[in-house]
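A.B. asks: For the sequence shown, numbering that gives the first Met the number 0 assigns the number 0 to the initial residue and increments by one for each residue that follows. All residues carry an ideal CB built from backbone N, CA and C; glycine is no exception. Predicted model only: the values in this text are computed from it and were never measured.
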Amino acid sequence: MTHISVIVVAAGALLLSACSSRSESEVASGTYTDPETGETANYAVTASEDGATSNVSIKTDDGEMQFGGGAANAKLPAGFTVYPGSKMTGGFAARGTEGSGGMASFEVRAKAADVIAHFRRQAEAAGMTVTSEIKSGETAIIGAEKSGDAGTGVQITATQQGAQVIGTITYSSGG
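1) Where Ala-109 and Tyr-82 are concerned, what is the direct C-alpha to C-alpha distance, given to the nearest angstrom?
2) Return the chain-ordered list of same chain residues with a C-beta closer than 7 Å to the C-beta of Gly-29, the five sequence neighbours on each side being excluded.
3) Thinking C-beta only, is Gln-163 closer than 8 Å to Glu-106?
4) Using 8 Å as the threshold, is the C-beta distance between Thr-130 and Ala-143 below it?
5) Output the distance between the C-alpha atoms of Gly-173 and Gly-161, rounded to the nearest integer angstrom.
6) Using only CA atoms, which one of Gly-100, Asp-61 and Thr-96 lies nearest to Leu-75?
7) Between the C-alpha atoms of Lys-134 and Pro-34, what's the straight-line distance to the nearest angstrom?
8) Taking the alpha carbon of Gly-84 as the point to measure from, which residue in Asp-113, Val-153 and Phe-91 has its own alpha carbon closest?
9) Quick one: is Gly-147 buried, meaning 16 or more other Cβ sit within 10 Å of its Cβ, or exposed?
10) Using only alpha-carbon positions, find the residue among Thr-32, Glu-132, Ser-24 and His-117 that is nearest to Gly-78.
11) Could you say which of Ala-73, Thr-167 and Gln-154 lies nearest to Glu-123 if we only look at CA atoms?
12) What would DSSP say about Phe-118, mapped onto helix, strand or coil?
13) Note the first and the last residue of the continuous beta strand (DSSP E) segment covering Ser-139.
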């Protein structure tokens, strides 16, 4: 766990440093060595031409993780589609020997309850059961899991901000 945490912190710093780049290509890359374990991971940082979005990719023997701003990093789990009219704003995806997962963030002019209902229908259609539901102030959250497979599930968060909903869908798949 320490190895991944150190890599994510290092990658985050690189991601922030790439935000002002005006290049559409790779702005940094290399190999990181964990000082505690001696394990290595390759990383690459890219930035959009306008410098508005940056991406980080980290590869190890156990899998790969990609994250950053913009729609290119906002991947949804299989069987899920965005709420109509949504603008995908960022996210990350990771896959390894024990499964895959990720997070996608979005914003849309809608009601939080409608967004949650949209994703609830998709989770149920994917064979998942809603296992948790929270409403706190302007935020609604549901969690769903695939029956018999606790490693496969989603969590959807939708926060009402005026006429707009800011949301995320976080997911994992066990294999």
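C.D. replies: In brief:
1) Along the sequence shown, one-based indexing puts residue 109 at 110. Along the sequence shown, one-based indexing puts residue 82 at 83. Cα to Cα, Ala-109 sits roughly 9 Å from Tyr-82.
2) Against the sequence shown, residue 29 aligns to sequence position 30. If you ignore the 5 residues before and after Gly-29, its C-beta comes within less than 7 Å of the C-beta of Tyr-42, all in its own chain and listed in chain order.
3) Start at 1 with the first residue of the sequence shown, and residue 106 comes out as number 107. Start at 1 with the first residue of the sequence shown, and residue 163 comes out as number 164. Yes. Within cutoff.
4) As a working note, residue 130 is residue 131 in the sequence shown. As a working note, residue 143 is residue 144 in the sequence shown. In contact: Thr-130 and Ala-143 (Cβ atoms closer than 8 Å).
5) Stepping through the sequence shown from its first residue, residue 173 is reached at position 174. Stepping through the sequence shown from its first residue, residue 161 is reached at position 162. A straight line joining the alpha-carbon of Gly-173 with that of Gly-161 spans about 37 Å.
6) To locate residue 75, count along the sequence shown from 1; it is residue 76. By alpha-carbon distance to Leu-75, the top candidate from Gly-100, Asp-61 and Thr-96 is Gly-100.
7) Within the sequence shown, the letter at position 135 stands for residue 134. Within the sequence shown, the letter at position 35 stands for residue 34. C-alpha separation (whole angstroms): 43 Å.
8) Locating residue 84 in the sequence shown gives position 85, counting from the first residue. Cα-wise, what sits closest to Gly-84 is Asp-113.
9) On the sequence shown, residue 147 is found 148 positions in, with the first residue counted as 1. Gly-147 is exposed by the Cβ-count criterion.
10) Taking the first residue of the sequence shown as position 1, residue 78 is located at position 79. Ranking Thr-32, Glu-132, Ser-24 and His-117 by Cα distance to Gly-78 puts His-117 first.
11) The sequence position of residue 123 within the sequence shown is 124, counting from 1. Shortest Cα-Cα distance from Glu-123 to any of Ala-73, Thr-167 and Gln-154 involves Gln-154.
12) Along the sequence shown, read from residue 1 onward, the residue named residue 118 stands at position 119. Phe-118: helix per DSSP, three-state reduction.
13) To locate residue 139, count along the sequence shown from 1; it is residue 140. The sequence as given places Ala at residue 139; Ser does not occur at that position. Ala-139 -> beta strand (DSSP E) spans 138-145.
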